[in-house]
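Chains as they are written, first to last, in our numbering: chain A, 262 to 634; chain B, 42 to 302; chain C, -6 to 300.
Note that CB positions come from ideal geometry on N, CA and C, so glycine has one too.
First up is the structure itself, then whatever we jot down about it.
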Amino acid sequence: MTDQRAAASSAVAHLTVEGLELSFGSHRVLNDVSFSIAEGERLCLLGPSGCGKTTTLQVIAGFLQARAGSVHVAGQAIDRLPPEKRNIGIMFQNYALFPHLSIFENIAFGLRMRRLPSAEIAQRVNEALRLVRLAHAAQKQPRQLSGGEQQRIAFARAVAIHPSLLLLDEPFSNLDARLRIEMRDELLHLLKPLRIATLMVTHDQEEAMAIADRVAVMRAGRIEQIGTPQSVYSTPANLFVAQFVGESNVLEGTVVAGTVTETRLEAEGLGPLSARAYAGLRQKDQVKVLVRPERISLLPAGAASREPGWNYVPATLEEIVFLGHRTECRVVAGARKLMAWQTGGDMQALRPGDQLVAAWRHDDTLVVPKDVP
Amino acid sequence: MRVISRIYTVLFAVFLLAPIIAIAGGSLTTTNYVTFPPKGLTLHWYLQIFQQRESIGALGLSLAVGVAAATLATILALPVGIALTRFKTRLNSVVYLVIMTPAMLPSVFLGLAFLVLYSPMGLGATPLGLLAGHVMIATPFALSLILVGLSAFDGTLENAARSLGASPSRAFLLITLPQISWSLAAGWAFAFMISFGSLEISLFLSTSTLVTLPVQIFMALEWSPLDPALTAISSGLAIITLVVLVVAARFVNLERFLKRA
Amino acid sequence: MIQAGSARARLQWLLLIAVPLLVFGVFYCAPIVNLLRLSFAIADSPTGGSYLPRFDLYTKLLGDEYFLEIVWRTVRLSVLTTLACAIFCYPVSLVVAQSRGWAQTCLFIVLLMPLMTSVTVTTYGWLILLGQAGFINAVLIGVGILDRPQRLLQNETAIVVGLMQVLSVFMVLSVAAALQSVDPNHVRAARSLGASPWSAFWRIVFPQSLPGLRTGSLLVFSLSMSAYATPGVLGGPRLKFVSFLIYQQAMQLLDWPRAASMAVLLLIVTTGMLGLASAYGQLKAWRQQRAQSAGLAMTATSQAGAA
């Protein structure tokens, strides 16, 4: 939690959410949710379904009332304001384009609510349409557009009102795989120059990492970790984050000794391993030891050089699956099975049964607390 | 197999429409008594309707009550529909039950109940009492159709409107209402047809001067069933109903009823 | 969907239903409660002026042979109508469930016409068709089945036919709705496993349409029990239904309390029959479950014995 408080005090926080609590009946949906977003920053709430990310969005938008906590935008408390007074642009998961209005009228809707003069409305709508490159679609009906086009219009509608905050609710879940990647890039290109504080909600970690400046991983109504995509990926705070963001091999372990430069561990079924230095670990602590599959290199058994700062474990190849962009190898090391991902073409020669050595850096050994609350 | 079931369905359709066809056909006869198939074709009896003050009066009353009852039924049903679909409370089933039961209870039961209480209320033999009874039996149908429209409506559209600056009432008027207008029209149409064709309620709430068309036809059936003029006005009733039904069918995506039930 | 937990939401809900509920309370609920009250009263005047609660009316009615005979006829013919509808409407439901576009719209219009058109018109139409000099007689004589016009009216068959015509739409639509919810992949799965089209229908589709049959039967039965004009016109003066008695008592004999108790009894009998039917359904389901668990218990013991 210290991550986000530090970020909040250093930058000018545009959106501040503090201590949100919400329950549906006896089911606690939001449990002390706090974070902030700076001007022009993109934050992503990432988590499995049911973790409370969409609920958080709805509280910020004003469609739900939190039992406790506060929401501030540009220093002003907006908790008491109804949705129509919050000036927040929302892109809904199913786009929510008004079926009976033309594209032009859809985008103009927010501007009409603000009683802008027609000339200015026309100018802003056309500007928004040009931004998403759909100027020719102004007089069409939503049902005449493809899914990707509808999404761009939904975006145009949300930004046309020049909102102080942008909320994106699972923007890509309605698109097929190929379109998803295209739209992701497109959205990023649109968002960057606009520099509006943006909160995105998704369950897809790749999207989160690609779009967000910072990622907040949520589970069961709590924020487990906030940080840049790199920091969340390389130093997960607990087992849940380590497994939700990216893949991990998980081992049980005990701390043997901790020095300034490294932590020595005894991994159950695997033997002694070393990780980087972690503050706060004591001898005999029970921990989970994690290694990401892409960090494991598979070397032939006879390879002589044992470099310092690396872990080496003898392994037998059990199964090999070629996926095109990578090869997934399952190896048996000691009493455990490890997954190792190899890229590059030199895996042709490998056969199940081959004797290998699995190797990875000390720094790539992650240590997280044993129990996830 | 498919051919057999299609033929069967056509025969069944003929069965369903047979009496109405008989009425329509019989009213065209040139003879002085109703016969089907008609002997010769003439619209004479239809023109005669306009000569008979009672028939015109009854038709006028039925149309007026029908339009008024349908409008009032729709006005009553809309807020109830919104309450039932927007808010989640156990009391909803009570409200639903209260509004829907007039369609489930025997109409003679209802007619009697209305008569017995409307009389001391001073509404006994008045158009207002008649209207009240009709509104009660028509509202369940209006509500039924409005609920279909409201359930099919995507609530996020209203949220989108509100996020763009529309107050709740503006969001409702500008976004929700246009989207459910088809179910309001359909609800009105069905409420109208129920009121227009209602017999038993009107029997209890009519007087010698306050006669709706179905009541007039029903009474006349006892004395002169083979009068072509009676047949013509009955046919007129059926035609009006058919027109409203066809227009309503254009509005409504009837498939939604199968999905919903 | 807003939970009515917050006070503001409750207030909004209340504002929405307040006026409609008030109108219904005054013009609908009050008359019904009043009618119930009236049925326990003695009539001093035609409007039942003074009230001494008595159950006399009910006991008298239940002992009145004439009344019971009419109730029995009403029930019997309603059951017949329901059965006839269930059987004859089913094939039509199949067609409706599979139809699309304007064909489906046409079917709906045809199905709804008899119901929406006033019952006076439909019964009148039957009069014309089934009369001595009517169309049906003429056809049957022309084809040679009859030599003389038969009395097709004023019997029970005419009543059932008339009721069927008006009420079919309820059965058709209920069953069609149930049929539409059947996943076509279920049928394909059955066929791929070796079932003939008939077998696939009977074992897979038909059981899933039963809830529709139940709803449809419920509707057809209740509405037949309440029928007034159709049995009145097509059955003639000898074959009365309960609704006719109620009308007669109230409007011709001006005995409102008696009419009220008849009306209440009609309601009780109708609800009672429906309750019986659903209880029967529950009993069957319960028996099935017991048989299943008994079967399981037996296999378990035999396995334990063999081990």
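Can you check whether the C-beta of residue i is within less than 8 Å of a C-beta belonging to chain A?
i        : result
Asn200/B : yes
Arg203/B : yes
Gly206/B : yes
Thr197/B : yes
Ile123/B : no
Is residue i close to chain C, meaning its C-beta is less than 8 Å from at least one C-beta of that chain?
i        : result
Tyr49/B  : yes
Leu283/B : yes
Ile216/B : no
Does residue i have its Cβ less than 8 Å from a Cβ in chain B?
i         : result
Ile261/C  : no
Tyr21/C   : yes
Gly274/C  : no
Ala357/A  : yes
Pro403/A  : no
Ala(-3)/C : Because Ala(-3)/C sits at a pLDDT of 44, beneath the cut-off of 50, its placement in the model cannot be relied upon, and the following sentence gives the value as read from the coordinates. For Ala(-3)/C, the answer is yes, since a Cβ of chain B falls inside 8 Å of its Cβ.
Asp37/C   : A caution first: Asp37/C carries a pLDDT of 46, below 50, which makes its placement in the model too unreliable to give a value.
Leu9/C    : yes
Met266/C  : no
Pro13/C   : yes
Met470/A  : no
Gly56/C   : no
Ile351/A  : yes
Met109/C  : yes
Ser210/C  : no
Asn27/C   : yes
Met461/A  : no
Just to check, is the beta-carbon of residue i closer than 7 Å to a non-hydrogen atom of the ligand GDP?
i        : result
Trp195/C : Of the ligands one can find in the structure shown there are none, so the ligand GDP has no counterpart to examine.
Within 10 angstroms of its Cβ, does residue i collect 16 or more other Cβ (buried), or is it exposed?
i         : result
Ile321/A  : buried
Thr52/C   : exposed
Tyr240/C  : buried
Gln491/A  : exposed
Arg556/A  : buried
Trp119/C  : buried
Tyr273/C  : exposed
Ala(-3)/C : Residue confidence for Ala(-3)/C is low, a pLDDT of 44 falling below 50, so the modelled location carries little weight and cannot support an answer.
Asp37/C   : Residue placement at Asp37/C is flagged as unreliable, the pLDDT there being 46, under the threshold of 50; the coordinate-derived value follows with that caveat. Its Cβ having fewer than 16 others within 10 Å, Asp37/C is exposed.
Gly56/C   : exposed
Lys277/C  : exposed
Pro224/C  : buried
Over what stretch of residues does the beta strand (DSSP E) that includes residue i continue unbroken?
i        : result
Ile581/A : Trp571 to Phe583
Arg475/A : Arg475 to Arg480
Ala329/A : Ala329 to Val334
Leu283/A : Ala274 to Phe285
Gln603/A : Arg597 to Gln603
Ile349/A : Ile349 to Met352
Ala299/A : His288 to Ala299
From what residue to what residue does the alpha helix (DSSP H) around residue i run?
i        : result
Cys99/C  : Gly94 to Met109
Ala270/B : Pro269 to Phe292
Ile121/C : Val112 to Leu123
Leu630/A : What sits at residue 630/A in the sequence shown is Pro, not Leu. Careful: Pro630/A lies outside any alpha helix (DSSP H), inside the beta strand (DSSP E) at Thr626 to Pro630.
Ile134/C : Phe128 to Val136
Report yes or no: do three or more beta-carbon pairs, one from the region 144 to 160 of chain B and one from the region 71 to 87 of chain B, lie closer than 8 Å? Output reads no: the region 71 to 87 of chain B does not touch the region 144 to 160 of chain B.
Which runs of the alpha helix (DSSP H) at least 4 residues long sit entirely within the region 164 to 210 of chain C? Give them in chain order. Along the region 164 to 210 of chain C, the alpha helix (DSSP H) occurs as fully enclosed runs of 4 or more residues at 177 to 185 and 190 to 193, listed in sequence order.
May I ask you to verify whether the region 272 to 291 of chain B touches the region 249 to 260 of chain B, counting CB pairs closer than 8 Å and requiring at least 3? The region 272 to 291 of chain B vs the region 249 to 260 of chain B: in contact.
Runs of 4 residues minimum, wholly inside the region 214 to 259 of chain B: which ones carry the alpha helix (DSSP H) assignment? Whole alpha helix (DSSP H) segments, 4+ residues: 218 to 238 and 241 to 246.
If you scan the region 117 to 177 of chain B from start to end, which runs of the alpha helix (DSSP H) of 4 or more residues do you find wholly inside it? Runs found: 132 to 141 and 148 to 159.
Spell out a yes or no on whether the region 535 to 544 of chain A and the region 520 to 527 of chain A are touching, meaning 3 or more CB-CB pairs, one atom from each, closer than 8 Å. Using a C-beta cut-off of 8 Å, the region 535 to 544 of chain A makes contact with the region 520 to 527 of chain A, since at least three inter-stretch Cβ pairs fall below that distance.
Uninterrupted beta strand (DSSP E) stretches inside the region 504 to 583 of chain A (no shorter than 3 residues): Segments of the beta strand (DSSP E) lying fully in the region 504 to 583 of chain A: 510 to 519, 523 to 528, 532 to 537, 547 to 552, 558 to 561 and 571 to 583.
Between the region 166 to 185 of chain C and the region 204 to 215 of chain C, do at least 3 Cβ pairs fall closer than 8 Å? Yes: the two stretches touch, three or more of their Cβ pairs being nearer than 8 Å.
The region 191 to 206 of chain B touching the region 232 to 248 of chain B, judged by at least three CB pairs closer than 8 Å: Under the Cβ criterion (8 Å, minimum of three pairs), the region 191 to 206 of chain B does not count as touching the region 232 to 248 of chain B.
Any contact of the region 323 to 335 of chain A with the region 463 to 475 of chain A, i.e. 3+ C-beta pairs under 8 Å? No contact exists between the region 323 to 335 of chain A and the region 463 to 475 of chain A.
Please determine if the region 140 to 147 of chain B and the region 211 to 224 of chain C are in contact, where contact requires at least 3 C-beta pairs separated by less than 8 Å. Contact between the region 140 to 147 of chain B and the region 211 to 224 of chain C is present, because at least three Cβ pairs lie under 8 Å.
Using 8 Å as the cut-off, can you tell me whether the region 613 to 623 of chain A makes contact with the region 573 to 580 of chain A, which would need three or more C-beta pairs spanning the two stretches below that distance? A contact exists between the region 613 to 623 of chain A and the region 573 to 580 of chain A.
Whether or not the region 486 to 504 of chain A and the region 620 to 632 of chain A are in contact is what I'm after, with contact meaning three or more pairs of Cβ atoms, one per stretch, closer than 8 Å; do they touch? Touching, yes.
Mind the definition here: the region 405 to 414 of chain A touches the region 376 to 395 of chain A only if three or more C-beta pairs lie below 8 Å; say whether that holds. With the cut-off at 8 Å, the region 405 to 414 of chain A and the region 376 to 395 of chain A touch.
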